[in-house]
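Undergrad: In the numbering used here, the protein residues as written are 4 to 109. Every residue gets a Cβ at the ideal spot worked out from N, C-alpha and C, and that includes glycine.
1. Helix, strand or coil: how does DSSP classify residue 46 here?
2. Let me confirm a value: residue 102 is counted as buried when at least 16 other C-beta atoms fall within 10 Å, else exposed. Which label applies?
3. Considering residue 69, what are the terminal residues of the alpha helix (DSSP H) in which it resides?
4. For residue 102, which three-state DSSP category applies?
5. Does the distance from the C-beta atom of residue 64 to that of residue 95 stay below 8 Å?
6. Is it buried or exposed for residue 50, if we count other Cβ within 10 angstroms and need 16 for buried?
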């Protein structure tokens, strides 16, 4: 019996992606404080709409690969704004094991 069969899958690539997105959000927030007017607004929109969405999708993909349910990953945040399942599925296929099947609660 292999010891890897009982361990959850851990992708160092997704962990790095999560850390990079978190750092990007911090950098953009710092630059927002320095910028003026239109530039500040553009930076804010990028952080809130692009970086935050990518971080959320990556976080969900990573959690699913660890064997967690969406409720365990996000709690009650899901009903208001559903995640981008196409992006999540793409990450799971790209970074997950080849035999991983994405199962979503009905």
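TA: The short version:
1. The residue given as residue 46 occupies position 43 in the chain shown. Residue 46 falls in the helix class under three-state DSSP.
2. Counting from 1 along the chain shown, the entry for residue 102 is found at position 99. Residue 102 is exposed by the Cβ-count criterion.
3. Indexing the chain shown from 1 puts residue 69 at position 66. No alpha helix (DSSP H) holds residue 69; DSSP gives it neither H nor E.
4. In the chain shown, residue 102 corresponds to position 99, counting from 1. Correct three-state label for residue 102: coil.
5. As a position in the chain shown, residue 64 is number 61, starting the count at 1. As a position in the chain shown, residue 95 is number 92, starting the count at 1. Against a cut-off of 8 Å, the Cβ pair of residue 95 and residue 64 comes out as a contact.
6. What you label residue 50 is simply residue 47 of the chain shown in a count that begins at 1. Buried is the call here.
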